[in-house]
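A short worksheet on the structure shown next.
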Amino acid sequence: MAIATATQVSNPLPQADIANITGSKALLEALIAEGVETIFGYPGGAIMPIYDALYDYHDQLKHILVRHEQGGIHAAQGFARSSGKVGVVFATSGPGATNLVTGLADAMIDSTPVVAITGQVYAHLLGTDAFQETDVINITSPVTKWNYQITDAAEIPAVLAKAFYIARSGRPGPVLIDITKNAQLQLFAYSGYQKCNHIRSYRPKPIIRKEYIEEAANLINAAEKPFVIFGQGVILGNAEKEFTNFIEKGGLPAAWTILGLSALPTDHPLNMGMLGMHGNYGPNVLTNDCDVLIAVGMRFDDRVTGRLDKYAKQAKVIHLDIDPSEIDKNVKATVGVWGDCKETLPLLTQLIESKSRTAWIQRFKDHDAEENKEVIFAELHPDTPVMTMGEVIRNLNEISGGDAIIVTDVGQHQMVTCRYARFNQSNSNITSGGLGTMGFALPAAIGAKFGAPERTVVAIIGDGGVQMTLQELGTILQTEVNVKILILNNHFLGMVRQWQQLFHDKRYSFVDIASPDYVKLAEAYGIAAASIESRDQLNDALSKMYHHDRSYLLEVNVGKENNVFPMVPQGCSVSEIRLK
Amino acid sequence: MKQEYTITVYTENHIGLLVRIATIFSRRKINIESLNTSPSEAEGIHRFTIVIVETEEVVRKLARQIEKQVEVLKAYYNNNEEIIWQELALYKVPTAQIAEKVKVERLLREHGARAVVIRNDYVVFETVGHREETDRLVQVLAPYGLIEFVRSARVAIIKESRGFHEKLREFEQAEPMGELIENEFLNQQKEIFSM
Ligand SMILES: Cc1ncc(C[n+]2csc(CCOP(=O)(O)OP(=O)(O)O)c2C)c(N)n1
Chain W
0 MAIATATQVS NPLPQADIAN ITGSKALLEA LIAEGVETIF GYPGGAIMPI YDALYDYHDQ
60 LKHILVRHEQ GGIHAAQGFA RSSGKVGVVF ATSGPGATNL VTGLADAMID STPVVAITGQ
120 VYAHLLGTDA FQETDVINIT SPVTKWNYQI TDAAEIPAVL AKAFYIARSG RPGPVLIDIT
180 KNAQLQLFAY SGYQKCNHIR SYRPKPIIRK EYIEEAANLI NAAEKPFVIF GQGVILGNAE
240 KEFTNFIEKG GLPAAWTILG LSALPTDHPL NMGMLGMHGN YGPNVLTNDC DVLIAVGMRF
300 DDRVTGRLDK YAKQAKVIHL DIDPSEIDKN VKATVGVWGD CKETLPLLTQ LIESKSRTAW
360 IQRFKDHDAE ENKEVIFAEL HPDTPVMTMG EVIRNLNEIS GGDAIIVTDV GQHQMVTCRY
420 ARFNQSNSNI TSGGLGTMGF ALPAAIGAKF GAPERTVVAI IGDGGVQMTL QELGTILQTE
480 VNVKILILNN HFLGMVRQWQ QLFHDKRYSF VDIASPDYVK LAEAYGIAAA SIESRDQLND
540 ALSKMYHHDR SYLLEVNVGK ENNVFPMVPQ GCSVSEIRLK
Chain L
0 MKQEYTITVY TENHIGLLVR IATIFSRRKI NIESLNTSPS EAEGIHRFTI VIVETEEVVR
60 KLARQIEKQV EVLKAYYNNN EEIIWQELAL YKVPTAQIAE KVKVERLLRE HGARAVVIRN
120 DYVVFETVGH REETDRLVQV LAPYGLIEFV RSARVAIIKE SRGFHEKLRE FEQAEPMGEL
180 IENEFLNQQK EIFSM
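As you go down the protein sequences, you meet chains W and L in turn. The C-terminal residue of the first sequence carries number 579 in numbering that gives the first Met the number 0, and the numbering is unbroken. The C-terminal residue of the second sequence carries number 194 in numbering that gives the first Met the number 0, and the numbering is unbroken.
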């Protein structure tokens, strides 16, 4: 069996220490051994033995009762992304397990380390359409890095060790472990927990090849107009310092994907801004002008590249990634540097020449000035009667100083926030990038706060997305977790409306969305709240929200039909970016 | 250019793996022409043999995706020149026809078919070979009342392969050894097979 061969069991406990314990208890012991302190979850029939065992572990394991399993897994994701640790979520079989699917898909595409534990019917009932039986392993195979069904308690320690190892190593991702009820109840001879650090069929990190580092360095040294684009790999690899050293030595202008955001402080002189569909003007246009494009820990998503056959065709491409299958997947690399960028970047930095490249960087600044004139200034300092999303973020920056963890949902507010929010430190921008999951922000913010209790967490959400996982206000009520909820209400499903306006002749088809009275709603959940419509209230309202000693909900009514620009329309090349 | 490629995957014996591998193809709407699983030369290691018709670029990407699965040790791909392969086919023909028509027997012999079972009512023949050969025999037999026909998946041996034993020992090391050249596709992009 794979498990037996995969995990090396070193020094088993002496015979006298072997105790008979239940599978459920072994599971909780495994979590403790892995350093887990916080679990997000929701109980039900098939996971009851685990919850029963949890009853005796309340001083070691904090369980956060969410209001929906999707909220549970998004919270685990938020936790993982603010803390850098593995997030853990529990759910029961059947509907509990299927409610996790969106979060698993989200964690898979955004490389978030999560271990999901689901209960399952008794092993002898598998395949009988028993009450709340679903084939969760097959349902979740495409959206998990690894999954496994345990039917015998004796497998629990080794499988859990494997689960945590797989979730956090290499390119991280979600792992789901399905445990049948009999295995949870079963007594077995427990001989302790050994962490896993090797699985023979699994190579989390490819071997670094010096030749490719040298080739990459030669390309960079010979380049006139090198341009660095970076993604979440820098954050996941804990390589912010190594990355900064690299760009500083080479005088390399750098731009980020929205998952890479916050790896480099907003104010860093080499930070040229955001890539992609609603990214900054310079980074998009100059992607098609640079001579060497250096991609670090990013995967060339179509929202970043626009039309692929017109993407950076003039450039030699260097691609650093820990996942070999990403290299050449979308964009052909001239040199592919496989490996963890925490290790490859310093090697590359050693070999590159120290340069300043002022003229080239000035090109970015020139584009920036144009974007500022055409778009940014009016967005941040509007003279319209109604507020813009951009000015809300600008005000928030002044209050936060760039120190907050910002969690965004999906839509216009997400793009505006990513464009304009300030960040001083890494692991501070949490958003659903690859999957674009509306409803992500509220539960993810709750999780993020548990993952980084010392920091202020602000969830910025649209009036559509907030109504998708609104029930998690109940989690805030019960746990008294301190999160700031900032609803940017444009009374539309804004991003879809923008596309309908621009590409469907303004045929607004089902994007007009009504909202409840958010203030009353928040108050019903014991959360202080306010709603504002005019600019003169903005600073005070934001400041009150930010400095309130508990959770706070602030609704800001913004312009109904404002659009996010610049924009690379779908099917266009990055250099065809529109400023209006 | 699209052509037949045989993908050879060395894996752990893990229950969910077939689905994970199959969905790598189905998700991209790529038809699997043939799929076989069997033990391999290395103890405890399974071997998938998958045939698809695709361009080399697509096959290379698919191999990378397959290798990304936790339980997969290695995925190789080869065109037909680089492998030796066989498929087995069974043909069930009414005995009366065989008995009456000497011609049928001669046809079968010409196609290298061997009788596996002979009964009063039917005879089962077997051939081993390439698809074109078995297909031809099906056409030939059709007029004589072919009752049943079935063909197995392709099994293939890679001409240049030195087997998986040595590779497996490398995988078993906790720290990957230097000689384990993981970057082989970048290293030798022209040379398709390397081990
Ligand atoms: C679960 C889900 N359903 C649908 C969509 C498609 N979608 C993307 S943005 C958007 C509009 C979001 O509206 P809102 O939450 O009000 O935010 P805004 O764009 O107005 O800032 C929709 C419907 C999605 N991303 N996720």
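Note that CB positions come from ideal geometry on N, CA and C, so glycine has one too.
From the options, residue whose alpha carbon lies closest to that of residue i
i: I321 (chain W); options: W:A18, W:D301 and W:L344; result: W:L344
i: E202 (chain L); options: L:T7, L:A41, L:G144 and L:A62; result: Here chain L covers residues 0 to 194 and nothing more, so residue 202 (chain L) does not appear.
i: G162 (chain L); options: L:K1, L:Y9, L:Y4 and L:Q2; result: L:Y9
i: G464 (chain W); options: W:T474, W:L485 and W:A451; result: W:L485
i: N329 (chain W); options: L:M0, L:R59, L:S33 and L:N35; result: L:R59
i: M47 (chain W); options: W:K448, W:P225, W:E325 and W:F89; result: W:F89
i: R418 (chain W); options: W:S399, W:V374 and W:A444; result: W:V374
i: E86 (chain L); options: L:I117, L:E131 and L:I29; result: L:E131
i: S151 (chain L); options: L:L89, L:Q138 and L:E53; result: L:L89
i: K91 (chain L); options: L:Y4, L:F24, L:V149 and L:E159; result: L:V149
i: T7 (chain L); options: L:Q172, L:S33 and L:G15; result: L:S33
Nearest-angstrom Cα separation, counted from residue j out to residue i
i: F509 (chain W); j: N561 (chain W); result: 17 Å
i: K166 (chain L); j: G335 (chain W); result: 24 Å
i: D308 (chain W); j: D301 (chain W); result: 11 Å
i: G473 (chain W); j: G118 (chain W); result: 24 Å
i: E36 (chain W); j: K61 (chain W); result: 6 Å
i: K84 (chain W); j: V233 (chain W); result: 15 Å
i: G401 (chain W); j: L553 (chain W); result: 19 Å
i: L53 (chain W); j: K24 (chain W); result: 8 Å
i: H123 (chain W); j: A153 (chain W); result: 17 Å
i: I246 (chain W); j: P268 (chain W); result: 10 Å
i: E104 (chain L); j: H129 (chain L); result: 21 Å
i: N196 (chain W); j: S168 (chain W); result: 9 Å
i: G95 (chain W); j: R135 (chain L); result: 54 Å
i: V50 (chain L); j: H13 (chain L); result: 21 Å
i: P252 (chain W); j: V567 (chain W); result: 21 Å
i: I398 (chain W); j: Y76 (chain L); result: 57 Å
i: A540 (chain W); j: Y551 (chain W); result: 11 Å
i: T139 (chain W); j: F163 (chain W); result: 17 Å
i: S572 (chain W); j: E223 (chain W); result: 23 Å
Below-8 Å beta-carbon distance, residue i vs any chain W residue
i: A173 (chain L); result: yes
i: Q64 (chain L); result: yes
i: E53 (chain L); result: no
i: G162 (chain L); result: no
i: L17 (chain L); result: no
i: T10 (chain L); result: yes
i: V71 (chain L); result: yes
i: T48 (chain L); result: no
i: T126 (chain L); result: no
i: R27 (chain L); result: no
i: K67 (chain L); result: yes
i: F24 (chain L); result: no
i: F148 (chain L); result: no
i: K166 (chain L); result: no
Contact with chain L by residue i, beta-carbon distance below 8 Å
i: K328 (chain W); result: yes
i: W591 (chain W); result: This structure does not reach residue 591 (chain W), given that chain W is present from 0 up to 579, and the question cannot be answered.
i: P141 (chain W); result: yes
i: A197 (chain W); result: Sequence inspection shows His at residue 197 (chain W); the Ala mentioned does not correspond to that position. Yes, H197 (chain W) counts as interfacial toward chain L.
i: M181 (chain W); result: The residue asked about is misnamed: residue 181 (chain W) is Asn in this sequence, not Met. Not one chain L Cβ lies under 8 Å of N181 (chain W).
i: I138 (chain W); result: no
Distance between beta carbons of residue j and residue i, contact taken as under 8 Å
i: D367 (chain W); j: G259 (chain W); result: Contact doesn't hold; Cβ gap of about 19 Å is too wide.
i: T304 (chain W); j: K315 (chain W); result: The pair is not a contact, with the Cβ atoms about 16 Å apart (cut-off 8 Å).
i: E125 (chain L); j: R108 (chain L); result: Actually they are not in contact, since the Cβ atoms of E125 (chain L) and R108 (chain L) sit about 13 Å apart, beyond 8 Å.
i: R63 (chain L); j: S324 (chain W); result: 4 Å
i: G438 (chain W); j: L476 (chain W); result: Incorrect: roughly 18 Å between the Cβ atoms, too far for contact.
i: T468 (chain W); j: H67 (chain W); result: 7 Å
i: N283 (chain W); j: I576 (chain W); result: 5 Å
Min CB distance residue i to chain B below 8 Å
i: P565 (chain W); result: The structure shown contains no chain B; the protein chains it does contain are W and L.
Item to check | Minimum length 3: unbroken beta strand (DSSP E) runs contained in the segment 166-208 of chain W | outcome: Correct list: 173-179 and 186-189.
Item to check | alpha helix (DSSP H) runs contained entirely in the segment 205-235 of chain W, provided each spans 4 or more residues | outcome: Residue ranges of uninterrupted alpha helix (DSSP H) with 4 or more members, entirely inside the segment 205-235 of chain W and ordered along the chain, are 209-221 and 232-235.
Checklist entry - Where are the alpha helix (DSSP H) runs, 4 residues long or more, that stay fully inside the segment 46-126 of chain L, in chain order? => result With a minimum length of 4 residues, the continuous alpha helix (DSSP H) runs that stay inside the segment 46-126 of chain L are 55-67, 94-99 and 101-109.
Next on the checklist: Just to confirm the assignment: which complete alpha helix (DSSP H) runs, minimum length 4, are found wholly within the segment 356-442 of chain W?
Outcome noted: Scanning the segment 356-442 of chain W for uninterrupted alpha helix (DSSP H) segments of 4 residues or longer gives 357-370, 376-379, 388-399 and 411-419, listed from N- to C-terminal end.
Item to check | Secondary structure, alpha helix (DSSP H): runs of 4+ residues fully inside the segment 281-351 of chain W | outcome: Complete alpha helix (DSSP H) runs here, min 4: 301-304 and 340-350.
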